[in-house]
Structures are given as structure tokens and as C-alpha cells.
Amino acid sequence: MKKSFTNVLGTILVLGTALFSASAQAQEKARPNILWLFSDDHAYQAIGAYGDRFADMNLTPNLDSIATQGMRFDKCYVGNSICAPSRATLLTGKHSHKNGKIENRGDFDHDQMQFQKLLRANGYQTAMIGKIHLSGKMQGFDYWEVLPGQGKYENPDFISEKGKTQYQGHSTDIITDRALNWLSKSRDKSKPFMAMVHYKAPHRNWLPAERFRKRFEKLVFPEPETLFDDYSSRGVAAQQQNMSIEKTMNNNKDLKANRWKFRDELLNKSGLTGKELVRAKYQEYMRDYLACVAGVDENIGRLLKYLKDNDLEKNTVVMYSADQGFYLGEHGWFDKRFMYEESFRTPLLAKWPDVIQPGSVNEDLVQNIDFAETFLDMAKTEIPSEMQGKSLVPLMKGKTPSDWRKSLYYHYYEYPTGHRVRRHEGVTTGRYKLIKFYGLDVPNGEEWELYDLKNDKHEISNQYANPEYSGIIADLKEQLQKLRQQYEVVDIAQTAKKKKSNKSNKSNKSNKSNKSN
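Rendered as C-alpha cells:
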């Protein structure tokens, strides 16, 4: 039986539409969901999968499961070890001097290019829930509900398009509750999603939920080998910082002795002094910090369970990192900022079913400038040339590109506020690390430090004056200059001048607008 041309054409159109629809559905299925889990000041040492001194205590079973089922990155670093600048880098894929956020103080330019804007424009539904630490209205998110500034641990306020809302409970639990609420009730299930779930914990002053405080109150933790570092081979920066457990950590504010009677009796009334007091403070610090970490881990378990229970696990990339590393008593310190390993290095775990080989470990040099590009690559979205990092997708597939970087650039700017860590920049190859501290009250205004991490993993012995390393120093200085040129680094004075000029221009525009009105 013959069919008319009209019937044939109709059949072709129907088949074409069906094929197009199937192709579109296949394309959407090929683009994975992305669950980007992030915390504040979470040291890699405090994750069991990294095998550090707490590994045998089973503190992070859910995070460890991401590593077991996916990949652990052993050489992931930040470009500026401080909260807000790190988050600005995450969104923009650019170093601090390029995205304009060089320190915690000041505004962030939300109008600039950010990866979530590009994902949203290319069919992803985007959400940001928790701590972002960037003032101003979020852009590029279909849904956002964030803590204002640092946010509070207990009964926190959240800001969204609808205004301010206060929730009762602990911030870690609430952030997860809000994320699960969006995942289960508010997202468009016809689209792939990119959800950023960012925890406040374990940021100072390390206030865990009561159930975890009780669980950890009698645990005893191993001390780091460098708890009583004397900085004898280093200069002004290490010797004059203000972030030591001994002198800076406050019994009441940080360790909450005024809140809990047993702490008051131990720290304020026991008469402990010297090294014994430092040891006692360290133990209480670890009890609070690691109890906060355990709270994050438990809640990540809730999110992983949701993915599994709702048939989302197979097509969802789960990635976990932190805005920087943190000192857990190493060198006698807490906090971050320095280019030494504990704060420069950050955890990075990734699980991507059928793409990442379970239990794999990557040792290539990666940095937080790479995160935005990675998400775009996963979503098959074009990566803008202005981004300064590289997609980690090839590494996740077990293939290191032949032109992968051999060194990393670092620059810390925020002085004299905070913990009085001096401004410095540097370069690392993974084995060797060269740091220049500048703006010092010393001859030439600068001091240099060189570390050979293969022979000195704790960075105790500065080798800059050792003639045996003169060739390595010369090579690292050359690499440092090349990285400065590659990333178009400007001097701190120029950066400050530019910021001041931009503020002045905005003020002038505002005044003109007000006059015209």
C-alpha cells in the first residue's frame, strides 16, 4: 500500500522529532549532575583517606568512601590560603589579583564571569547553599541560600532572594537540611543540576553540635612532631606571626572555657603552664575541631544516601574540597595563610561512576584555579580563555596531558590584619618550594626561604643560604618569574591603587547618578 507524500513527510517529521528528543535526552544523560561539597578550613590531615596521624580513628567514614569509590588528589593546592579569596577563585577560575578579591576585606565583583553562570546558560539548574563568604547578591544560581559573612554555628541566619531567615539548630545540620529540601522538592528534574553545598565548619571557633562534643570530650589525639617548632632556621614571618596555640589561642573565646565548666577548671584554674598548657590546649582544640569535622562527615553521608536512594548516584559527580588547608598544631599553630604545606595544600576527593577508577590516587600538581574549568568540562560547556586553570577531567580519567604544569604559583596579601602573617609569594614543583616574604623591616625588605620536601617534609630547615641548592634556587626564581608573567601578576601596590581607583570611579558614577535624579 502506497503512502502519500504528506503521510511520508509526516512520518519523517515524527521520526525526526523522536530521534531529536532521544538524542537530547541522551545528551542530558551524558552530562552528569554535579554535587560540589565544600567546607571551611578543613585540613587534609583530618581526613582518614589521607593517612595522616588521625587515620586509625575512623573520623571521616563518608569522606573516606568518596576516596574509596573514586580518586584522592594528593597534590591539590590553593593560590591564596584565606577564605573569601579562595571562594572567589573557585567561582571565577582566576587567581586573586585577576578576580579582584585578594583578601577577606572588601567587596567582590559579582558581575564578572563565573562558572555557574555558564552552566545555567547551558541547561543546568544551579544551587548554592551554605557558606560563600562573598558579600553581595549571588548571581548565576537558580536557587541560593547562604550564610551572611562568616555565619553562626548555632541558630544561624540565612540570606536568599526572599530576604533573611533564621533556622534553629546547628549550621552543619541545617545546611544539609536546606540542600536536601532543594534536591527533593525544588529542583527541575528534567535538567541536570550543579549543587554547591558549603559548610561553615570546621572554621574557628570550632563549635560542634552537642552530640559530637560529648562523643569527643574524652578522646586523646596524637601530637604533631612540630608542635614545639622554634623557627630557628626561618626569619621574621614565622617568628612574628600571631597564630600560635601557646600565645594566640584564647581559653574562653576559642576553647570555650567560659561555656563548659570542665574546660574552665582545666585551662583557667588548673595552674598549667608552659608546654603542659600548650598540650592541654591542643587536645581541647582537636576535640572541638575534629568533632566539627565529624559533623560535616555525618551530613555528607546524608547527602550520599539521598543520591543512592533516589537513583541519582550513577550519574552524579561528587567532589569534596575546602577553601584551604589548616594547621592542627603543626609548627605550634592554628589557622592558615602561610605557603607551608598544611595551609597551602587542601583536600580534594572525587567520585564519578564509570569514569574515575575506584581507589585511584593522583599526584599531579592541581590548584583551586582548576575547579571552575573542571565543572564546565564535565558539563560539556566551553571554557572561557580568561580562566587561568585547567580541567581536571583528563586526570580523573587517568590520563595526564603531556603539557600538564610542573610548578604552581602562590600569593598571600592580607597583612597586617588577622594573624599578622606577612605578605609573600612563591613557587613549588612539588618537591622544592621557594617563598619570598616581602614588605619586611629588614635589609632589602624581603626574606627568602627554600624547602626540599623530599628530605624535609615538615619544612623545618630553610635551605636558602645553602650553596648546594644555588642552582635549584636560580631555576625556581626563573620559574617564579615565568608564572608571574603567565598569570599577569601585578605588584601589591598596583593592585591596591587599582582597587582604590575603581572605588573612586564607582563613587563618582554614583554621585553623578544621584545628581541626575
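Under numbering that gives the first Met the number 0, the residues of the sequence shown are numbered 0 to 516, in order. Cβ atoms here follow ideal geometry from the backbone N, Cα and C, with glycine treated the same way.
C-alpha gap between residue i and residue j, whole angstroms
i, j, result
"Lys514", "Gly78", "Here Lys514 scores only 37 on pLDDT, less than 50, and its place in the model should not be relied on; the value that follows carries that caveat. Whole-angstrom Cα-Cα distance: 42 Å."
"Phe333", "Ile244", "6 Å"
"Tyr281", "Leu327", "8 Å"
"Val295", "Thr171", "6 Å"
"Lys307", "Lys398", "28 Å"
"Pro442", "Phe53", "42 Å"
"Asp474", "Glu222", "36 Å"
"Pro357", "Tyr284", "34 Å"
"Ile81", "Arg422", "12 Å"
"Lys163", "Phe72", "37 Å"
"Tyr230", "Tyr486", "32 Å"
"Lys379", "Gln115", "13 Å"
"Phe436", "Asp187", "50 Å"
"Pro84", "Met195", "17 Å"
"Asp363", "Lys74", "6 Å"
"Glu297", "Phe211", "10 Å"
"Leu89", "Ala256", "36 Å"
"Ser390", "Gln44", "25 Å"
"Arg177", "Gly129", "9 Å"
"Ala126", "Ser406", "33 Å"
Endpoints, beta strand (DSSP E) assigned at residue i
i, result
"Val517", "Nothing in the structure corresponds to residue 517, since the chain is present only between 0 and 516."
"Asp156", "156–159"
"Lys350", "347–350"
"Lys116", "Note, Lys116: premise wrong, no beta strand (DSSP E); alpha helix (DSSP H) at 114–120."
"Glu448", "445–451"
"Met318", "315–321"
"Ser406", "Note, Ser406: premise wrong, no beta strand (DSSP E); not H, not E."
"Arg214", "That residue, Arg214, is in no beta strand (DSSP E); its alpha helix (DSSP H) goes 209–215."
"Ala194", "192–197"
"Val360", "359–361"
"Met70", "70–72"
"Thr164", "162–165"
Whole-angstrom C-beta distance between residue j and residue i, which should lie under 8 Å
i, j, result
"Phe337", "Val420", "6 Å"
"Met112", "Pro393", "At roughly 23 Å, the Cβ-Cβ gap does not stay under 8 Å, so Met112 and Pro393 are not in contact."
"Lys350", "Gly47", "Incorrect: roughly 16 Å between the Cβ atoms, too far for contact."
"Glu458", "Glu340", "6 Å"
"Met248", "Trp35", "No, Met248 and Trp35 are not in contact; Cβ-Cβ is about 31 Å, not under 8 Å."
"Leu118", "Leu375", "7 Å"
"Arg86", "Ile131", "6 Å"
Start-to-end residues for the alpha helix (DSSP H) that takes in residue i
i, result
"Gln124", "Run containing Gln124: none in the alpha helix (DSSP H); it sits in the beta strand (DSSP E), 124–129."
"Asn298", "273–308"
"Ser469", "469–485"
"Thr59", "Careful: Thr59 lies outside any alpha helix (DSSP H) and carries neither H nor E."
"Ala371", "370–377"
"Val441", "From DSSP, Val441 is part of no alpha helix (DSSP H); its letter is neither H nor E."
"Val145", "It is not in any alpha helix (DSSP H) - Val145 instead sits in the beta strand (DSSP E) that spans 142–145."
"Lys528", "Nothing in the structure corresponds to residue 528, since the chain is present only between 0 and 516."
"Gln238", "235–238"
"Thr175", "170–180"
Where residue i falls, given that 16 or more other Cβ within 10 Å makes a residue buried
i, result
"Gly135", "exposed"
"Val277", "buried"
"Glu372", "buried"
"Gly331", "buried"
"Val219", "exposed"
"Thr225", "buried"
"Trp403", "exposed"
"Asn361", "buried"
"Thr175", "buried"
"Gly50", "exposed"
"Thr345", "buried"
"Pro415", "exposed"
"Glu581", "No statement about residue 581 is possible, as the shown extent of the chain runs from 0 to 516 and does not include it."
"Asp310", "exposed"
"Asp369", "buried"
"Pro191", "buried"
"Ala208", "buried"
"Asp353", "exposed"
"Phe157", "buried"
"Ala23", "Low confidence applies to Ala23: its pLDDT is 45, below 50, so where it sits in the model is not reliable, and the reading given next is rough at best. Classification of Ala23: exposed, given that the 10 Å Cβ count is below 16."
"Pro466", "exposed"
Within-9 Å CB hit, residue i to chain D
i, result
"His197", "The structure shown contains no chain D; it is built from a single protein chain."
**Request:** Count the C-beta pairs between the stretch 281–298 and the stretch 192–202 that are closer than 8 Å, then say yes if the count reaches three, no if not.
**Result:** Yes: at least three Cβ pairs fall under 8 Å.
**Prompt:** Okay, do the stretch 263–276 and the stretch 477–488 touch, 3+ Cβ pairs below 8 Å being the bar?
**Reply:** Touching, no, given that fewer than three Cβ pairs across the two stretches are closer than 8 Å.
**Request:** Flag this pair as touching only if the stretch 407–415 and the stretch 93–111 have three or more C-beta atom pairs under 8 Å; answer yes or no.
**Result:** yes
**Message:** I want to know whether the stretch 173–192 touches the stretch 224–240 - three or more CB-CB distances under 8 Å.
**Reply:** Cβ pair count under 8 Å is below three, so no.
**Asked** With a cut-off of 8 Å, do at least 3 Cβ pairs link the stretch 297–305 to the stretch 61–76?
**Response** yes
**Message:** Measuring CB atoms only, is the stretch 312–327 touching the stretch 31–48, in the sense that at least three cross pairs come out at less than 8 Å?
**Reply:** Taking 8 Å as the limit for Cβ pairs, the verdict is that the stretch 31–48 does touch the stretch 312–327.
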